[in-house]
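Read left to right, the sequence shown gives residues 39 to 248 (the numbering used here).
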Amino acid sequence: MSTITTVEVVRPTDALRLALQNPLTLLTPKQLFDFEVEELVTKGFAAYDHADSFYKRLPSTGVHVLVPPKPRPWNRAHLNYLVSLIEVDGEKGRNYTDPAHFSDEDEVSDGPHLMLDVDDTHYLNVKPSVSRATILAEGRHPFCTWRGIICALLFPWRLRGRGWYLAGSGGRFGQLPCVRLFNGTPILNAWYGNALREFVTPSCGSIWLP
39 MSTITTVEVV RPTDALRLAL QNPLTLLTPK QLFDFEVEEL VTKGFAAYDH
89 ADSFYKRLPS TGVHVLVPPK PRPWNRAHLN YLVSLIEVDG EKGRNYTDPA
139 HFSDEDEVSD GPHLMLDVDD THYLNVKPSV SRATILAEGR HPFCTWRGII
189 CALLFPWRLR GRGWYLAGSG GRFGQLPCVR LFNGTPILNA WYGNALREFV
239 TPSCGSIWLP
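Written out as structure tokens, the structure is:
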């Protein structure tokens, strides 16, 4: 009799969503990473070999996010498609920005990389300019637009009750991109850097290249 080998794949069930909100106690970093890789490969953003080198040195604690290569062309039509893949309660995301109006403030790798020690719980009701300065002073990296989109794709339920200032990217007239829910719909839009009680400035501790 032949033996069928099964592979356990982590799926975004309600239990997993709860675990992802408390990943340090309910999910191992490898389980979280497995989920990310499967989601990004399924959506066509990543290939399995993008993650290979990171598996070998994945830290045993913390939340770490795989960022696939930045797509080309990086234009509004493509951004509309990318944001439409962010879904919360059946509502697909909408884009209201033109990437031509924004640039990344920090040097960002166009290839696959790993964000380590990701945090989206600090700097609530703080101006993103202040948050950004503090984040950089701590040796951390604020999310740029592409990294924010990836995290929203992977963990859209994290947007409930909070918006993300993507302070790693900046635009004209002091605006910066942000990801948030508007009447239940995920959106990417431009926003002035006000201190708002429903906005945070997410960041990561460091960035690894393959």
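Beta carbons are placed, not taken as given, at the ideal position from N, Cα and C, and that holds for glycine.
CA-to-CA, the gap between phenylalanine 71 and alanine 84 works out to about 13 angstroms.
Arginine 196 sits away from methionine 153, with the two beta carbons spaced by 8 angstroms or more.
A distance below 7 angstroms between beta-carbons, with the five flanking residues on each side excluded, links histidine 139 to the following residues of its chain, in chain order: Gly209 and Arg210. The beta carbons of cysteine 182 and valine 103 sit no closer together than 8 angstroms. The beta-carbon distance between serine 244 and aspartate 158, rounded to whole angstroms, is 16 angstroms. This is too long to meet the 8 angstroms contact definition. Distance from the Cα of isoleucine 187 is smallest, within the candidate group Lys94, Ile225, Gly212 and Glu176, for Ile225. Under the rule that a run must span 3 or more residues, the beta strand (DSSP E) segments found entirely inside the stretch 101-145 read 103-105 and 140-142.
A distance below 7 angstroms between beta-carbons, with the five flanking residues on each side excluded, links histidine 160 to the following residues of its chain, in chain order: Val238.
Residue burial is scored here from C-beta neighbours: glutamate 236 has fewer than 16 other C-beta atoms within 10 angstroms and is therefore classed as exposed. Note on geometry: alpha-carbon atoms of asparagine 133 and valine 164 lie some 24 angstroms from one another.
Contact between proline 107 and aspartate 148 holds: CB atoms are separated by about 6 angstroms, below the 8 angstroms threshold. Between proline 67 and proline 97, the gap from beta carbon to beta carbon is short of 8 angstroms. Under the three-state reduction of DSSP output, histidine 160 falls in the coil class, being neither helix nor strand. Note that the C-beta distance between leucine 204 and leucine 191 is not below 8 angstroms.
Apart from sequence neighbours up to five positions away, the residues of its chain that approach isoleucine 173 with a beta-carbon distance below 6 angstroms are Pro180 and Ser241, ordered along the chain.
Residue pairing by DSSP places threonine 183 opposite no residue, since no beta bridge is assigned to it.
The alpha-carbon separation between glycine 212 and tyrosine 93 amounts to approximately 39 angstroms. If you draw a straight line from the Cα of threonine 135 to the Cα of glycine 222, it is about 19 angstroms long.
Cβ contact annotation for glutamate 125 (same chain, cutoff 8 angstroms, sequence separation greater than five): Gly131, Pro194 and Pro224, in chain order. Counting only residues of its own chain and dropping the five nearest sequence neighbours on each side, serine 91 has a CB closer than 8 angstroms to the CB of Pro248.
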